[in-house]
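Q:
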Amino acid sequence: MKKYSLITGLAILIILPANIACLSARAPDVYINTGPSSENVDSTKIPVTRNHEEARIELKKAYRQIQYLEYENQRLKEKVEKEKDRGDEYKHKYKKLKDKYED
Numbered sequence: 000m001k002k003y004s005l006i007t008g009l010a011i012l013i014i015l016p017a018n019i020a021c022l023s024a025r026a027p028d029v030y031i032n033t034g035p036s037s038e039n040v041d042s043t044k045i046p047v048t049r050n051h052e053e054a055r056i057e058l059k060k061a062y063r064q065i066q067y068l069e070y071e072n073q074r075l076k077e078k079v080e081k082e083k084d085r086g087d088e089y090k091h092k093y094k095k096l097k098d099k100y101e102d
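Heads up: the sequence shown at position 9 corresponds to 8 in numbering that gives the first Met the number 0, and the numbers run straight through without jumps.
(1) Pull up the distance between the alpha-carbon of P46 and that of N39, whole angstroms please.
(2) What's the gap between the Cα of N50 and the Cα of E77?
(3) In angstroms, rounded to a whole number, what distance separates the CA positions of L96 and D84?
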């Protein structure tokens, strides 16, 4: 009985590495949903890194870009609000002048 289990175990040890070497794995495409109206990220544009340090550098660049975009987004929102207020002010002046000259 022990002889057969030993032979079976050795056969598995010999066959298993050969089968594992034949396997190929492909990383799945990754799509990151960042909100209800955002589009998915194309994983083919993600930079390839060779080690953990390169990955950290790329991640740092990505976070820096996100911070810049958040800053720009806020700046542009404030600019839009300022222009809306300015437009409302001109509308009010126009109405005031129109009422003045219609009398």
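We put the beta carbon where it would ideally sit given N, CA and C, even for glycine.
Remember, predicted model here, so these are calculated numbers, not experimental data.
A: In brief:
(1) Taking the sequence shown and counting its residues from 1, the one referred to as residue 46 is at position 47. Taking the sequence shown and counting its residues from 1, the one referred to as residue 39 is at position 40. Approximately 16 Å between the Cα atoms of the pair.
(2) As a working mapping, residue 50 is identified with position 51 in the sequence shown. As a working mapping, residue 77 is identified with position 78 in the sequence shown. Answer to the nearest angstrom: the Cα atoms are 41 Å apart.
(3) Indexing the sequence shown from 1 puts residue 96 at position 97. Indexing the sequence shown from 1 puts residue 84 at position 85. Distance between the alpha carbons of L96 and D84: 18 Å.
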